[in-house]
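Student: So the sequence shown is residues 3 to 953, counted in the working numbering.
Submitted below is the structure of interest, expressed as structure tokens.
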Amino acid sequence: MNIKQIRLDSFGPYENWTFKSGPNGVQLVYGANESGKTSLLEGMRSLLFGGKHKKYGYVSGSLELDKEGTAYHLGRQNKNLDFYSPGEPSIKDEPNQLWWHGLDKKTYNRIFGLTLEDLQGVDILNEVDVRARFFGAEGGEQLGGVVKNIETNANDLLVASASGKRRINVLIEQLQENKARLSALGEYETQYVELQQALKASEDTEAEIQNQIKEWQDYREGVEMVLRAWDTYRRSEEARRRMQQFTSPDTLDRDAFFSIDEGLREARQNMQLWLDKEEALKPENFDPNSPFTTYGQDIEDLIQQGAKWEQLRRECEEGEAYIAKVKEQLDFSRGLQSSWRKDESVPTDVNWFEGERLSKRLRTAKDQLLYWQSQAPSLQKEPKISEDSSSVDTGENSPVNTWAQQELQAVMTDITDLESRLGEHGSIRMAAMPIWLQRIGGIGAVIGVLMSLAGLIALESVLYSIGGIILLIFGLGLFWYGWRLRHVDDSDVARLMRELERLQQRKSYLETQLDAPLPVASDVPNLETAAIEQRYNDEGKQLQANYEKALAEWQAWIPEGAAKSLDEDDFFSMKHEFDQYYEQLRTIEGYEKRLDEHKESLRVIEDQAVTLWYNLGVEAPVSPTELKRIYNQYKNFQQQMIRWEQKESQRKSYRMEYDNWHRKEKELLLEQKALLEKSGLSGANEYRQKLIDEDQFKQWETIYKQSQVQLDLLTPDGENKDLFYRRLREGNKENWTDELAHADQELNARKDAMANLYEKRGQIVEAMRALGSDQEQREAIQQRQELESELESALEDWATQVVIAHCMERAQQSYEEESQPKMLELASQYIKRLTNGAYTFDMWGLQDGLALLNERGERLPLHHWSSGLADQVYLALRLALAKVFSYQVDALPIILDDILVRFDEERQKSALELLAELGEHQQIWLFTCQQQVYYMGQAIAGIDTHILQRA
């Protein structure tokens, strides 16, 4: 187990202080006096084992631990434990219970966490806790506790001193006082003597029953010993079978493999570290290969046309609405035209030059004809007009009358058409747009204003305000609509009225022409008059023929769709209406042409947008609003791209670090491949499995040896071990269980007999109490009986504790004879290293006391040691004890505070080299106040040096 980081939030002089260890096994920390080295050592002890420090109180802080490649967090806040592995549930047990088989803080401080004062003396080898934990077999922790408790219990019962005040000592003294008191009380009666004899006989019987109980208890203990050994024996057999299964494999280069494996793990961790750093430089949700990189210029080009796009869309919508409205007005105006019929379309091509010529010709012919009519020849003799004008020369006047009648009929038809249109328009106006429509709109607007003011000021209601605004807008719209339609209708009606008035004047003129009588020639012959009249009539016929021809040509010319009643005077009004209609139509066509141009421009922009949308993978509809959103995303992308490019150099350095670790990984893989080829294995997993098999073999071998030691300890004294093993091999657990039950039955029967005997003795005692000479004698006798009974019980307990202590002492000595020399041998090697080969342990003269042997084999006893040599011997003992402990449970960190003070420079260097070697398998923390030790540690491989700074 290694300590990777120390954090002290509050402990002594340390506040919010953090310290990280290096990768090597030895952490050498230099600090001057009063820099906090000892306080840091105490803080580390408290973090590992908890508890309250006598000077600083409870610790608040944490340790980051690494145990067999797994990280752990060990934190303490006063009495609260915070113990877990990242990503795993919290651990409730203390580390010493979970990992170190209940190792207490005191034993840890005696072996692993040392100051210069703790280092002195070899009494540690005789402490029960240390002996039990470092020289015991499986369950050594419980063995030490049992031995200690047995010694305490035995000392509490009896002490070998005349002035002792233990339980048995006090009872003997009280019993002696009671006998002296009884001897002074006087004589006893005969019956009382007989009762005493009976009491003595009951005591003999009790002793006999006690012996029987003892025999059955011994037998039961023997059976129970076999049953206790049974599970150990089976575990031993299982371990031997497993050892055969995991045969001892060929020796593999474990250190090299794990070194490569650790290097690979470190390389991959660093690769991931630099890769994560490189990824962290990229903006969140940023992809440098985004479509924005390719189509950014298209977005810029399109956003420059955004205002034009919105304007074109708005103009197209407004243009279509305007054209529809103008067409509606054109259709309405078309219905108000007097020269063109509404039910037929206006022709697109009219020969207005020819029409103007024909209208002038018709007007000339009409004027000539009218002039001829007004210039009738006057006779020399007053003619007599016949009363019946219709019978007078009607044949001569028929051409004029026929024309006038036709003209009057056409005018009447046009008047009827205008009156019907005027009546229809007037009825619509009266039905749909009365004057009260404007009044309702005005009243609604006033009410809307009042509601808005009431909602804002008086009621403070948003709903009232909104309702008032809506009513105001509706009233104003209704008022404007009525006013507009009313004025438009008034202008159209005035125009129709003017046209009707003109047609009525024309009608009156034609009726006047038809009603005017023609002069009738008298019967009186007048040659000159006849000649004039004949010439006048011939001229009239010629003019009438010219008029009819001009009228026929005019009627033939009138365009399709025009009113048939039009005369030459209507030519210009008809042409004006035609020009006005087509002028409006051309205006609409111009609007439509510009609208088509706008639509084409809009289509080009939207086609570009559709293409851009497709390239960017946008599924939203094409619109200027969506373009702005995309443009904002593009600008954000540009900013992130700038930041990304700015950090490109840093990313390259991170990539270079990544490549370096990647190359190291490849090199390690090649070394691993060579190692695998050398061992003949196919892969790292197989190599690792072989190492696991080797570890399992060693574990089962340890279990087998420990089981054998336990069986040796469980073998009853005086019994042959082979015979005991044969009993285990040939026996049956069920038979031994039955024997144990039978022994329990026999013990219970003896105990029942003992209970009956005690009852009978009680009766004797009662009788003796009744026969007592006086109250004082009875009390003394009763007191003696109670003291004898209590003394007998105490002696039994003391004898039991002594026997058990003797057995446990023999068991512990048996194992120590095998284990302690191994520790001392290891300590002897460390002493030789520390003294540069000058001294070793005197392994064969331990019975004469602890001593050293020099190079010549001369013995150097303890009282001849110098202080520096003593420190070196004591350090070697502690290091050997720590090494032995690591074989059994786990390699705990060793913490040493200024232990090299009395070492010379040469032996300081030897000590540092030894610690560096031990640090390869067990972490060591060395605190020193000597700069020369600090500089010396910097020159030795395997040692990380630090300068302690609390701030």
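Think of the CB as a built atom: it goes at the ideal place given N, C-alpha and C, for glycine as much as any other residue.
To the nearest angstrom, report how far apart residue 589 and residue 348 are at their CA atoms.
Tutor: Each residue's Cα considered, the two are about 16 Å apart.
Student: Quick one: what does DSSP say residue 568 is sitting in, helix, strand or coil?
Tutor: DSSP places residue 568 in coil when its eight states are reduced to three.
Student: When you compare only the Cα positions, how much space is there between residue 825 and residue 207?
Tutor: Their backbone Cα atoms lie some 54 Å apart in a straight line.
Student: So what does DSSP say about residue 861, is it helix, strand or coil?
Tutor: Reduced to three states, the DSSP call for residue 861 is strand.
Student: Using the rule of at least 16 other Cβ atoms within 10 Å of the residue's Cβ for burial, across every protein chain shown, is residue 621 buried or exposed?
Tutor: Counting Cβ neighbours within 10 Å, residue 621 comes out exposed, since fewer than 16 surround it.
Student: Return the Cβ separation of residue 293 and residue 618 in integer angstroms, given the expectation that the two are a contact with Cβ distance under 8 Å.
Tutor: Confirmed, about 5 Å.
Student: Kindly list the residues whose CB is nearer than 8 Å to the CB of residue 414, restricted to its own chain and excluding five residues on each side of it in sequence; keep chain order.
Tutor: Taken in chain order, the residues that qualify are 509.
Student: Residue 333 to residue 540, Cα distance in whole Å?
Tutor: About 51 Å.
Student: Beta carbon of residue 843, beta carbon of residue 870: below 9 Å?
Tutor: It is not a contact, given that the beta carbons lie outside the stated cut-off.
Student: Tell me the DSSP bridge mates of residue 256?
Tutor: Residue 256 pairs with nothing; no bridge assigned.
Student: List the DSSP bridge partners of residue 593.
Tutor: Looking at the DSSP assignment, residue 593 forms no beta bridge with any residue, so it has no partner.
Student: How close, in whole Å, do the beta carbons of residue 234 and residue 709 come, if the pair is a contact with beta carbons under 8 Å?
Tutor: That belief holds up - the Cβ atoms of residue 234 and residue 709 are roughly 5 Å apart, short of 8 Å.
Student: Around the Cβ of residue 72, are there at least 16 other Cβ atoms within 10 angstroms (buried) or fewer (exposed)?
Tutor: Exposed, since its Cβ has fewer than 16 Cβ neighbours within 10 Å.
Student: For residue 85, write down the residues that DSSP places opposite it in a beta bridge.
Tutor: Partner(s): 76.
Student: Quick check: the Cα distance between residue 606 and residue 314, rounded to an integer number of angstroms?
Tutor: Near 11 Å, if we compare the C-alpha coordinates of residue 314 and residue 606.
Student: Does the distance from the CB of residue 875 to the CB of residue 855 come in under 9 Å?
Tutor: Cβ atoms of residue 875 and residue 855: not closer than 9 Å.
Student: Would you say the segment 88-100 touches the segment 36-43, given that touching needs at least three Cβ pairs under 8 Å?
Tutor: Output reads no: the segment 36-43 does not touch the segment 88-100.
Student: Report the residue ranges of all alpha helix (DSSP H) runs contained in full by the segment 859-943; include only those spanning at least 4 residues, in chain order.
Tutor: You should have 869-890, 907-920 and 933-940.
Student: When you compare each of 28, 14 and 19 to residue 8 by their alpha carbons, which one comes out closest?
Tutor: Residue 8 has its Cα closest to that of 19, out of 28, 14 and 19.
Student: Would you list the one or two residues that DSSP bridges to residue 9?
Tutor: Looking at the DSSP assignment, residue 9 forms a beta bridge with 20 and 64.
Student: Return the chain-ordered list of same chain residues with a C-beta closer than 6 Å to the C-beta of residue 552, the five sequence neighbours on each side being excluded.
Tutor: Closer than 6 Å at Cβ, skipping near neighbours: 363, 364 and 367.
Student: With DSSP collapsed to three states, give me the class of residue 805.
Tutor: Of the three classes helix, strand and coil, the one that applies to residue 805 here is helix, per DSSP.
Student: Using only the alpha-carbon positions, how far apart do residue 98 and residue 41 sit?
Tutor: Answer to the nearest angstrom: the Cα atoms are 22 Å apart.
Student: Considering only the beta carbon of each residue, do residue 593 and residue 325 sit closer than 9 Å?
Tutor: For residue 593 and residue 325, yes; Cβs fall inside 9 Å.
Student: What residues in its chain sit with their C-beta under 8 Å from that of residue 467, if we drop five residues either side in the sequence?
Tutor: Excluding sequence neighbours, residue 467 sits near 453, 454, 457 and 458.
Student: So the candidates are 58, 28, 30 and 47; which of them puts its Cα closest to the Cα of residue 17?
Tutor: The residue with the shortest Cα to Cα distance from residue 17 is 58.
Student: With burial defined as no fewer than 16 other Cβ atoms inside 10 Å of the residue's Cβ, what is the status of residue 924: buried or exposed?
Tutor: By the neighbour-count rule (16 or more Cβ atoms within 10 Å), residue 924 is buried.
Student: Based on DSSP bridge pairs, tell me the residues matched to residue 843.
Tutor: For residue 843, which the question treats as bridged, DSSP gives the partners 854.
Student: Roughly how many angstroms separate the alpha carbons of residue 502 and residue 420, rounded to a whole number?
Tutor: Each residue's Cα considered, the two are about 7 Å apart.
Student: Mapping DSSP to helix, strand and coil, what is residue 560?
Tutor: Residue 560 falls in the coil class under three-state DSSP.
Student: Sort 346, 50, 255 and 221 by Cα distance to residue 694 and report the nearest one.
Tutor: Measuring from the Cα of residue 694, the nearest candidate turns out to be 255.
Student: Can you round the beta-carbon distance between residue 670 and residue 941 to whole angstroms, since I take them to be within the 8 Å contact cut?
Tutor: Not a contact, Cβ separation roughly 28 Å.
Student: Within the segment 730-797, note down every full alpha helix (DSSP H) run reaching 4 residues or more, in order along the chain.
Tutor: Counting only runs of 4 or more, we get 735-772.
Student: Since residue 31 contacts residue 929 with CB under 8 Å, what's their CB separation in whole angstroms?
Tutor: Right, the Cβ-Cβ distance comes to about 5 Å (below 8 Å), so this counts as a contact.
Student: Taking the straight line between their C-alpha atoms, what separation do you get for residue 276 and residue 263?
Tutor: Taking the straight line joining both Cα atoms gives about 20 Å.
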